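Chains as they are written, first to last, in UniProt numbering: chain A, 1 to 203; chain B, 1 to 70.
Glycine residues also receive a C-beta, built at the ideal position from the N, C-alpha and C atoms.
Model, not experiment: these values are computed from the prediction.
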């Protein structure tokens, strides 16, 4: 995912003025950005109205990182139509990142991970809850909060094995007979998703 | 700077991430057991009308509806 970053950053630097090349500070480090000259000239023109707020006045500061690593990971697992887990304290989650299964413990280095179709498991004591995630992103923050967003996530019990097998066979056949790039891509996606579901059900 | 970063196969084929993600989600939904499958298909139904504007007038609207004809 970050392979694009260097190309995009350099593209914006070369195209824009030097102002955009300066690194932007994080929200906790930027001091209160109230422009006093603007406020004074505002008061001269409209003394009875409060000067307008800027977006940074409404932003909450970034939550501070605890000095010692917390014992539990706080997970927020959301889907477009439901909040599956909200602020749940767990021991570990294993997420299906594009770079492979990633185990997330409290105190994990801040990461943004793109998810591929696969199993996400939430470990709390001896309980393990598994979901099949279709795709999405995982944001791991410095304060041991994990925000996982998926478009579709189902418990493994809800998947129908025979339909998965049928779909896999259908898309493997489509991949062999595909002509245009787009058809090939769609068939490839079908094969990947169905093989992931197959592996999830049998593994 | 040359764009030598390896792109995913779907982007190389001209597809955006949203399209890819929606295709994946639809495939997963199709492989659900009943009644979950019916629930998810019902949930994802859309109904909208889109019209482009030209010269201050709306052109012919495009209607996309999964609602049953009443």
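- request: Find out if the Cβ-Cβ distance for the pair residue 31(B), residue 167(A) is shorter than 8 Å.
  value: yes
- prompt: Since residue 23(B) meets chain A, which of its residues come closer than 7 Å, beta carbon to beta carbon?
  reply: 186, 189
task: Taking a Cβ distance cut-off of 8 Å, strictly less, list which residues of the region 108-136 of chain A are near chain B, in chain order.
output: 117, 132, 134, 135, 136
field: Contacts of residue 152(A) in chain B (Cβ-Cβ under 7 Å)
entry: 25, 28, 29
query: Which residues, taken in chain order from the region 148-172 of chain A, show a beta carbon closer than 7 Å to some beta carbon of chain C?
result: This model lacks chain C altogether, as its protein chains are A and B.
- prompt: Since residue 9(B) meets chain A, which of its residues come closer than 7 Å, beta carbon to beta carbon?
  reply: 185, 188
- request: Name, please, each residue of chain B whose Cβ falls closer than 8 Å to the Cβ of residue 85(A).
  value: Those within 8 Å of residue 85(A) in chain B number zero; the least Cβ separation is about 19 Å.
message: Suppose contacts are defined by Cβ-Cβ distances below 8 Å. Is residue 95(A) in contact with residue 102(A) by that definition?
response: yes
query: Which value, in whole angstroms, describes the spacing of the CA atoms of residue 73(A) and residue 85(A)?
result: 12 Å
query: Do you know how far the Cα of residue 138(A) is from the Cα of residue 24(B)?
result: 17 Å
message: At the 8 Å Cβ level, is residue 177(A) part of the contact set with chain B, yes or no?
response: no
task: State the DSSP-derived secondary structure class of residue 64(A), mapped to helix, strand or coil.
output: coil
- prompt: Which residues share a DSSP beta bridge with residue 123(A)?
  reply: 92(A), 128(A)
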